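Asker:
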Amino acid sequence: MTWQSPARLWLLLAVVALVAGYLVLQRRQSRYAVRFTNLRLLDRVAPRRPAWRRHVPAGLFLAMLALLVVGFARPEAEVRVPRERATVMVAVDVSTSMLAGDVDPDRLTAAKDAGRRFVDGLPDEFNVGLVAFAGSAAVLVPPSTDREALHDGIERLAEGITGVQGTAIGEAISTSLGAVKSLDATAAKDPPPARIIILSDGANTSGMDPIEAADQAVAAKVPVHTISFGTPGGSVDRGGRAIQVPVDGQTLRAVAEQTGGGFHEASTTAELKDVYEDIGTSVGYRTERQDISARFIGLGLVLAMGAAAGSLRWFSRLP
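Position one of the sequence shown corresponds to residue 6 (the working numbering), numbered consecutively onward.
#1: Within the continuous alpha helix (DSSP H) that includes I159, where are the two ends?
#2: Quick check: what's the CA-CA separation for G140 versus V93?
#3: What does DSSP give as the partner residues of P215 in its beta bridges?
#4: Rounded to whole angstroms, what is the Cα-Cα separation between L30 and W8?
#5: To which residues of the same chain is K117 closer than 6 Å at the C-beta, ignoring the five residues directly before and after it?
#6: Do the region 259-266 and the region 134-152 make contact, defined as three or more Cβ pairs closer than 8 Å?
#7: Please report how far the alpha carbon of T210 lies from the alpha carbon of I174, in whole angstroms.
#8: Helix or strand or just coil, what does DSSP make of V24?
#9: What did DSSP end up calling R112 once you bin it into helix, strand or coil?
#10: L145 lies in the beta strand (DSSP E); which residues open and close that run?
#11: Can you give the Cα-Cα distance for P128 and V95, rounded to whole angstroms?
#12: DSSP three-state call for L323: helix, strand or coil?
#13: Going by other Cβ atoms of all chains shown within 10 Å of its Cβ, with 16 needed for buried, is D125 buried or exposed?
#14: Between the C-alpha atoms of R258 and G171, what's the straight-line distance to the nearest angstrom?
#15: Consult DSSP for P80 and reduce its assignment to one of helix, strand or coil.
#16: Taking S187 and G235 to be in contact with their CB atoms under 8 Å, please state how far apart those CB atoms are, rounded to whole angstroms.
#17: Less than 7 Å separating the Cβ of K194 from some heavy atom of the ligand ZN?
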């Protein structure tokens, strides 16, 4: 935390002086009460009350003054705020290997569930789009703030939806970049701040070279975050025969490192949700310094009302 007017903090010395004066006054009153020998009369003019009550209003009032002084000094803090036109493209692998049951109930179903939670956790003003890819890639939902359309798109994710088998990670990146460039009428010349998230379980087997696609992402200044999802022991049942489909994240790691994104590994549904949560705290935000004096002033006013309420409740002479 920094201060726009740090010299004003010297006023806290006045608050400290008031605290000291209050403590001295309390000591004098205590001595006077001891010297007052007519205890029956003393009990009538100053009936016994819990000792802490008489200090609460004064304590709240002094705390209020301190908070108002801090607010008067205009404190600043770094605050994360959503970027204007922030765009997130989520690309999900829908190849046959995503039907492996090493993740309950299977990789694709778990990915869909975690994807829903991820997009629901993003700010409403974020544009979010969805790409499905296997041997080719297709935009299921163009980037927009329409979360209902996005949920419908996630629900439609299924094996074979792209019509071609394989794993085309490069195509997924290139298709996502194209969707970002078509966000609005100015996106081609003035690209929005964007991130691409790729979830897959295998190495690239078809389409564009992922490294070439990563070069395009670097040129567009769009980091690509990748998630390698599955376990080494994954398998799918084809005609009663188990086909091994171990997870392979080498290509995904290379893409993330080249574009400045993050590479993540997840072997359970819980881990995938944690990965999405971690990614969600960084995409589409910028950090800026903001005046937060209103926080201290607001809390000070609350304490002032508390002090007034305490005084009326405990020290009112009304019947």
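All residues carry an ideal CB built from backbone N, CA and C; glycine is no exception. Being a predicted model, the structure only gives us computed values, none of them experimental.
Answerer: Here's the rundown:
#1: R152 to R161
#2: 22 Å
#3: According to DSSP, P215 bridges with nothing at all.
#4: 34 Å
#5: I159 and L162
#6: no
#7: 8 Å
#8: helix
#9: helix
#10: A142 to S149
#11: 15 Å
#12: Model confidence at L323 stands at a pLDDT of 44, short of 50, so the residue's coordinates are unreliable; what they give is reported in the following sentence. Here L323 sits in coil by DSSP.
#13: exposed
#14: 19 Å
#15: strand
#16: No, S187 and G235 are not in contact; Cβ-Cβ is about 32 Å, not under 8 Å.
#17: With respect to the ligand ZN, the structure offers nothing, as it holds no ligand at all.
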